[in-house]
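Everything below concerns the one structure shown next.
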Amino acid sequence: MDAAWIIGLAASPWLLPALFALVVGDAFLVVLPSETAVVALGALAATTGDPAVGATIAVAAAGAVVGDGLCYLMGRRIGVDRWRWQRRGRVAGAIERATLGVHRRTAVLVFTARYVPFARIAVNIAAGAGRVPLRRYLPLSLAAGVAWAGYNVTIGAVVGTALPENPLLAVVVSIPIAIILGLLVDRVVSGLDARRRASPDDEPEATSREGR
Numbered sequence: 014m015d016a017a018w019i020i021g022l023a024a025s026p027w028l029l030p031a032l033f034a035l036v037v038g039d040a041f042l043v044v045l046p047s048e049t050a051v052v053a054l055g056a057l058a059a060t061t062g063d064p065a066v067g068a069t070i071a072v073a074a075a076g077a078v079v080g081d082g083l084c085y086l087m088g089r090r091i092g093v094d095r096w097r098w099q100r101r102g103r104v105a106g107a108i109e110r111a112t113l114g115v116h117r118r119t120a121v122l123v124f125t126a127r128y129v130p131f132a133r134i135a136v137n138i139a140a141g142a143g144r145v146p147l148r149r150y151l152p153l154s155l156a157a158g159v160a161w162a163g164y165n166v167t168i169g170a171v172v173g174t175a176l177p178e179n180p181l182l183a184v185v186v187s188i189p190i191a192i193i194l195g196l197l198v199d200r201v202v203s204g205l206d207a208r209r210r211a212s213p214d215d216e217p218e219a220t221s222r223e224g225r
């Protein structure tokens, strides 16, 4: 019964549109489990053949680019501190760090932020508010979205390949794996960012200013 239900869900024509909407919404609401959904569909694709792996990656990537692009446009329209949620908690700290480096390290920030929920919204808003040219931002966002979608679908597909006869179990197993990997990526990215901010690269410039 459970297997029939999950197989029917995998073949539903509404599944990929729902995934697109979820990924777009996750650009603004970090509580939405877009990564988990993409991983789960990767597991379904490997065990049932539906939805198609290529279509899943394309839809997830499209949702990522659209959602991030909307955040970018929001940054251009309203800036980085108009609303209260932009000035509080982890979002405020992420926006401040992104604003400082968005022009010097646009590619690095756009790619790494795609894997870290709070950094994701911060970087895209900061890129818009900082007037990063769209011709520079959009190709980076597209490449980051495709890489992110492919990465998550691959995780699910690997689990599904290991459990080809049990699609429901493959989905259940793939979800905690995705969460753990997401936490590890978050920790690594945060550690690298903290190390960069602690580096003395800007000291010569500061010293030269003091000597003037």
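Taken in order, the sequence shown gives residues 14 to 225; the numbers are from the numbering used here.
From the three backbone atoms N, C-alpha and C, an ideal C-beta is built for every residue, glycine too.
Check                                                                                                                   : Outcome
Counted within 10 angstroms of its Cβ, other Cβ atoms place Ala24 as buried (16 or more) or exposed                     : exposed
Distance CB(Ala183)-CB(Thr60) smaller than 7 angstroms                                                                  : yes
Among Leu22, Val79 and Ile19, nearest to Ala34 - alpha-carbon criterion                                                 : Val79
Trp8 versus Ile192: straight-line alpha-carbon distance, rounded                                                        : With the chain running from 14 to 225 in the structure shown, residue 8 is simply not present.
Contact test: Val36 Cβ vs the ligand GDP heavy atom, cutoff 6 angstroms                                                 : In terms of ligand content, the structure shown is empty, and the ligand GDP therefore cannot be addressed.
Validate contact between the segment 152 to 160 and the segment 173 to 180 using beta carbons, cut 8 angstroms, 3 pairs : no
Proximity to Ile20 [Cα-Cα], best of Ala65, Tyr128 and Ala40                                                             : Ala65
Among Ala58, Val171 and Cys84, nearest to Ala132 - alpha-carbon criterion                                               : Cys84
Buried versus exposed, by CB contacts within 10 Å (16 or more), Ala162                                                  : buried
Simplified DSSP assignment, three categories, for Arg127                                                                : coil
Coil, strand or helix - Asn165 by DSSP                                                                                  : helix
Ala201 versus Asp63: straight-line alpha-carbon distance, rounded                                                       : With the sequence shown as reference, residue 201 is identified as Val, and Ala is not the correct amino acid for it. When rounded, the distance between both Cα atoms is 33 angstroms.
Own chain residues within Cβ distance below 8 angstroms of Val166, not counting five before or after                    : Val51, Val52, Leu54, Gly55, Ala58, Val66, Thr69, Ile70 and Ala73
Inter-residue spacing [alpha-carbon to alpha-carbon] between Gly143 and Leu32                                           : 30 angstroms
Coil, strand or helix - Trp18 by DSSP                                                                                   : helix
Environment of Ala120 [buried if 16+ CB atoms lie within 10 Å]                                                          : exposed
Phe33: first and last residue of the uninterrupted alpha helix (DSSP H) it sits in                                      : Leu28 to Asp39
Length-filtered (4 minimum) alpha helix (DSSP H) runs lying within the segment 56 to 92                                 : 66 to 91
Integer-rounded CB distance, given that Tyr128 should sit under 8 angstroms from Val198                                 : 5 angstroms
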